[in-house]
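**Student:** Residue numbers (our numbering): 77 to 145. Note that the Cβ used here is the ideal one computed from N, Cα and C, for glycine as well.
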Amino acid sequence: GVQLGAFSELLGAQKYKYLYAQKYSQYQTVIKKVHTKEGWPLYRVWMIGFKSEEAANAFKVKMHGARYT
77 GVQLGAFSEL
87 LGAQKYKYLY
97 AQKYSQYQTV
107 IKKVHTKEGW
117 PLYRVWMIGF
127 KSEEAANAFK
137 VKMHGARYT
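1. Restricting to Cα atoms, I'd like to know which of 102, 107, 135, 94 is closest to residue 83.
2. Bridge partners of residue 81, per DSSP?
3. Out of 130, 124, 133, 141, which has the shortest C-alpha to C-alpha gap to residue 96?
4. Smallest Cα separation from residue 79: which of 102, 119, 91?
5. At the level of alpha carbons, what is the spacing between residue 104 and residue 115?
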């Protein structure tokens with residue numbers, strides 16, 4: 077998968093997830109909750125469902141050039 081962003085607030089992650097789920101519906105967009113070393117929640121937005129690692133890497137390159145728009 078490809079991490080799209082990370083947020084300290086769940087609402088920010090949900091908005092980002094919705095934005096990318098609408099734009100790239102061929103992939104699944106999920107939120108993964110983790111905790112920082114200090115114990116604070118961090119909500120990471122991931123896009124999964126690529127056919128291969130190469131496809132995921134190509135998507136990352138495309139997104140980097142498009143500044144995730």
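**Tutor:** Working from what's here:
1. One-based indexing of the sequence shown puts residue 83 at position 7. When each option's Cα is compared against that of residue 83, the closest is 107.
2. Residue numbering aside, residue 81 sits at position 5 when the sequence shown is read from its first letter. Beta-bridge pairing links residue 81 to 121.
3. Start at 1 with the first residue of the sequence shown, and residue 96 comes out as number 20. The shortest C-alpha separation from residue 96 is found at 124.
4. For the purposes of this step, residue 79 is taken as the residue at position 3 of the sequence shown. When only C-alpha atoms are compared, the closest one is 119.
5. In the sequence shown, counting from the first residue as 1, residue 104 sits at position 28. In the sequence shown, counting from the first residue as 1, residue 115 sits at position 39. If I take the Cα positions, the gap works out to 28 angstroms.
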